[in-house]
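Start counting the sequence shown at 0; every next residue gets the next number (numbering that gives the first Met the number 0). Yeah, the Cβ is synthetic: ideal placement off N, Cα and C, and Gly gets one too.
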Amino acid sequence: MRNLSDPGRNHIWRTLLVLLGVLVLGLPGMAQRVTVSEGITLRKDDYYQILGKYDNRYLVSTDNQYSLELTSMDEKMRIVWTKPLELDKRRSQVIGIVPQPDAIVVLYQYHRKGEFYLKAHRYDPNGILLDSITLSTYTESFYTPDSRMEVSEDKTKALVYQIEKQAWMEVQCIDLNALKQLWTARISIDAFSFFREFRTLIVDNTGKMHLVLELDNRRSKLDEHSLELIEYGPQMVSPLTRRVSLSDLLSRQITFTFDNVHQRLTGAGLEAERDKTRARGYFYFYISDDALDSFKLIRQSFPEEVLRRIGDATAVEEKSLEDMEIRKVLLRQDGGVVLFMEELRKYERNTAGQNFQFGPAGGRFIVDYYFEDIYVVSMGEDASLDWHAVLPKKQYSQDDDGLFSSFFTMTAPDQVRLIYNDEIAYENTVSAYQIDWKGEVVRNSILSTDYQKLKIIFREAVQTGVYELMVPSERSNKLKIVRIEF
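Written as structure tokens, this is what we have:
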């Protein structure tokens, strides 16, 4: 992506960009350094992934149904080389690419003589093939398996799964270091209810699967509201199913992460009021890997001061907030959590009198996206509130699925930064809220995109160091990578 500069000197930087192909600068007085890469041309069906930093090189992959390419950039974000990664000659479908500290693992499937094969390749950072293995064969499929993948926090394990015949979930766990299959499982499901009740599928660092379903999350059956946990892993004979009660709690949203330090599943969500359109507060809980009796549910209402600052005209009267979502959950080393909530509104409207994309009313449908204030809460394992903060933000966009909105959470031992676009526009500034672990907040401007032909997507950013991140920019079919160093 791009950098910013003093407005009176923009013509100088534009000249340097043409001559050098990259841009390196920051706002006057700021400590960060911003470097922008050369552009990579994107085709309509291209998918890209920032893989990270390998020694003094930065890697990005681009793939579509016909090819997979690796691009290497130097420390000045200049493209050093781009090379194709050879899969099988037949049309191959990439399931996922996993960047490891010293290698890149590509999982893909392909078709040959009526059979589908799941295969893995390991490449070094120079794109040289180091290892290859066929992991499984699908002999009874009459269609391309819809394979999906989840990866463990430490990037050493992967789950690849498919839904078969609307009745089974076929799952296999792969050791990405040894490049071998650890285990397979076939789990019976009711497809009609499964997709409605499914909440998450997680693989922890040991290779254990955690499948979570949410049952009876309706006011009419609130006494029966519960979570169903299905677990399977190494040395287990069959999947283990457990039930956790959430009776008397109507959830508007619930999200999960696995705490690999304390070996437990952590859930966090928003508690609904009379219906699911408003949230009266938030909750979180822990489920240890060994016993259900360790289940601990913590519920908190939104303070009145927060309702006044974030809510609509009826928030205080209703004692609830509309349009809130949990965006991020950070696990503290002491067992506590930090919850990041964001106000999100979406409106669909029809503009009559247009001659394209007609809707039932004769006009064009337009979707407006509003990503606004952030509410951050830091709580201890004992339910104590250490600190909380409301961070003002206003982002508006139209017909873009909110792609350029929201924020990126950058963590360091002593602080966390929330980095975001001030406005969703071609000429824009980027800002960050810097929060230390005592809850002290400082807001800084980081860069300006004026005249730089950038449109930055912070929700796709990748942290490549304690104080370094890479973030993509998409504009006019050009992908640029912006490196920000603090």
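N- and C-terminal bounds of the beta strand (DSSP E) containing A184: K179 to S187
List the residues that DSSP assigns as beta-bridge partners of Y489. Nothing about residue 489 can be reported from this structure: the residues present for the chain run from 0 to 485 only.
Measure the C-alpha to C-alpha separation of F255 and L128 and round it to an integer number of angstroms. So the two alpha carbons sit approximately 35 Å from each other.
Between the alpha carbons of N420 and S444, how many angstroms are there, rounded? 10 Å
From D87, M235, K75 and Y46, pick the residue whose C-alpha is nearest to that of S36; which is it? K75
Name the DSSP beta bridge partners of L226, please? E213 and V243
So for E484, helix, strand or coil by DSSP? strand
CA nearest to the CA of W492, picked from M469, G379, F457 and E85: Since the first residue shown for the chain is 0 and the last is 485, residue 492 is missing from the structure and cannot be characterised.
Determine the DSSP secondary structure at A278, reduced to helix, strand or coil. Secondary structure at A278: strand, using DSSP grouped into helix, strand and coil.
Through-space distance from S71 to L41, alpha-carbon basis: 16 Å
Determine, using beta carbons only, whether I162 and L134 come nearer to each other than 8 Å. no
Got a sec? Which residues, its chain only, sit under 7 Å from S66 by beta carbon, not counting five neighbours each side? P83
Do you know how far the Cα of S475 is from the Cα of V59? 19 Å
Roughly how many angstroms lie between the CA atoms of F339 and Q64, to the nearest whole one? 36 Å
The alpha helix (DSSP H) enclosing F407, as first and last residue numbers: Here F407 belongs to no alpha helix (DSSP H); instead the beta strand (DSSP E) covers F407 to A411.
Would you call the region 248 to 265 in contact with the region 179 to 186, where contact means no fewer than 3 C-beta pairs closer than 8 Å? no
For L446, write down the residues that DSSP places opposite it in a beta bridge. V429
Exposed or buried, which one is S219 when buried takes at least 16 other CB atoms within 10 Å? Exposed, by the Cβ-count rule.
Just mark F284 as buried or exposed, buried being the case when its beta carbon has 16 or more other beta carbons within 10 Å. buried
Nearest neighbour of D44, chosen from D288, F301 and D62 [CA to CA]: D62
Taking the alpha helix (DSSP H) that L306 belongs to, which residues open and close that run? E303 to I309
Within the same chain, show all residues whose beta-carbon is closer than 7 Å to that of G280, passing over the 5 residues directly before and after it, in chain order. E270, R298, Q299, S300 and F301
Helix, strand or coil, according to DSSP, for K220 in the structure here? helix
By the three-class DSSP mapping on this structure, what secondary structure does R251 have? In the three-state reduction of the DSSP assignment, R251 falls in the strand class.
Can you give the Cα-Cα distance for G51 and R121, rounded to whole angstroms? Annotation: G51 to R121 spans about 16 Å, alpha carbon to alpha carbon.
Nearest candidate by alpha-carbon position, reference L320, set V328, G126, D311 and R326: D311
First through last residue of the beta strand (DSSP E) which encompasses A157: K156 to E163
On the DSSP bridge assignment, give the partners of F257 in chain order. L264
Measuring only the C-alpha atoms, how far is P6 from D398? Unreliable positioning characterises P6 in this predicted model, as indicated by a pLDDT of 38, which lies under 50. A coordinate reading is not provided.
Near R89, what residues of its chain come up, given a Cβ to Cβ distance below 8 Å and the 5 sequence neighbours on each side ignored? Y109, H110 and R111
With distance defined between alpha-carbon atoms, name the residue in T34, L296 and S287 nearest to A382. Selected option, being the one with the closest Cα: L296.
Taking all protein chains shown into account, do 16 or more other C-beta atoms lie within 10 angstroms of the C-beta of D203, making it buried, or fewer, making it exposed? buried
From the DSSP output, which residues share a beta bridge with T199? V211
How is V315 classed by DSSP in three states: helix, strand or coil? helix
What does the alpha-carbon distance come out to for the pair I325 and I309? Approximately 15 Å, taken between the alpha carbons.
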